[in-house]
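To start, the structure under review is shown below, and the notes come after it.
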Amino acid sequence: MAPNVVFTCPNTGKTVPTGISMDEHTLATATLSGNFVYCPHCRQTHVWSKEQARVER
Numbered sequence: 001m002a003p004n005v006v007f008t009c010p011n012t013g014k015t016v017p018t019g020i021s022m023d024e025h026t027l028a029t030a031t032l033s034g035n036f037v038y039c040p041h042c043r044q045t046h047v048w049s050k051e052q053a054r055v056e057r
């Protein structure tokens with residue numbers, strides 16, 4: 001199973017899944033911009049960048 005790309009909700013500090021699966025190397029070299037996802041914790045839509053994202057296994 002591929003690892004999931006996540007970021008931290010700025011309102012709650014909880015982990016939010018982006019719906020993207022890739023390893024650390026692929027994330028580091030990927031071109032990602034204008035990404036947004038609905039947050040199940042605070043019920044808002046967040047825009048996130050590659051710099052805010054991390055890989056969670």
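Take the working numbering: the last position of the sequence shown gets the number 57, and nothing is skipped along the way.
Cβ atoms here follow ideal geometry from the backbone N, Cα and C, with glycine treated the same way.
Taking the beta strand (DSSP E) that residue i falls in, what are its first and last residues?
{"i": "glutamate 56", "result": "54 to 56"}
{"i": "proline 3", "result": "Careful: proline 3 lies outside any beta strand (DSSP E) and carries neither H nor E."}
Got a sec, what are the start and stop residues for the alpha helix (DSSP H) residue i sits in?
{"i": "histidine 25", "result": "24 to 29"}
Indicate the three-state DSSP secondary structure (helix, strand or coil) for residue i in the structure shown.
{"i": "serine 49", "result": "coil"}
{"i": "glycine 34", "result": "coil"}
{"i": "glycine 19", "result": "strand"}
Is it true that the CB of residue j sits closer than 7 angstroms to the CB of residue i?
{"i": "valine 37", "j": "threonine 18", "result": "yes"}
{"i": "leucine 27", "j": "valine 55", "result": "yes"}
Quick check: is any heavy atom of the ligand SAM less than 6 angstroms from the C-beta of residue i?
{"i": "threonine 12", "result": "As for the ligand SAM, it is missing from this structure, which has no ligand bound."}
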